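One structure is given below, encoded as structure tokens.
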Ligand SMILES: *[C@@H]1O[C@H](CO)[C@@H](O)[C@H](O)[C@H]1NC(C)=O
Ligand SMILES: *[C@@H]1O[C@H](CO)[C@@H](O)[C@H](O)[C@H]1NC(C)=O
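Residue numbers (mature numbering (1 follows the signal peptide of the UniProt record, and there is no 0)): -17 to -1, 1 to 133.
Rendered as structure tokens:
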């Protein structure tokens, strides 16, 4: 006789996701076409020996895709828009008694983005416990200002 044992995967098992946050620019910051801005990508120190590998930063206009001034309902998890940077992510301690890690990337806002809301996305790739691939996409909504005023 077979004894069938159902092993339920404990969905909550796995190493805490090593989520990054976009510390800058702040939500709804106004940026201008052609402007260089700092994208500050932070995370808490790894508790699980996770290894950061890379990030890709992209921007996508929400004009015509969402109610004016918002990116509501736009999902960038499968399309980060125009890439502004892609490469290694090697965050360093913030210092001053804070345990968080940060890395600043200077990127240029594309000239062709229309005035209005746009979503800045960061795709973050790492390896949990040095071996388990991990990919997340986080975002921040920004407002593209009128470049004539910049
Ligand atoms: C931004 O991230 C939030 C939280 O994960 C999510 O609810 C929202 O759909 C995302 N927005 C875009 C434009 O991807
Ligand atoms: C990183 O960028 C943030 C946001 O612009 C800024 O406050 C911070 O001073 C920068 N850190 C370094 C070391 O440049």
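Note that beta-carbon positions come from the ideal geometry of N, C-alpha and C, so glycine has one too.
Here the structure is a predicted model, which is why all the values come from computation and not from measurement.
Membership of residue 23 in the beta strand (DSSP E) is indicated by the continuous run 19 to 26.
Residue 12 carries a coil assignment under DSSP once its states are collapsed to helix, strand and coil. Contact between residue 125 and residue 6 is absent: CB atoms are separated by about 14 angstroms, not below the 8 angstroms threshold.
Here the stretch 79 to 93 makes contact with the stretch 15 to 23; the two share three or more CB pairs at distances below 8 angstroms. Counting C-beta atoms within 10 angstroms of its own C-beta, residue 101 has 16 or more neighbours from the protein chains shown and is therefore classed as buried. Segment contact: the stretch 95 to 115 against the stretch 76 to 85, fewer than three CB-CB distances shorter than 8 angstroms; contact not assigned. Partner residues in the beta bridge of residue 119, as assigned by DSSP, are 107.
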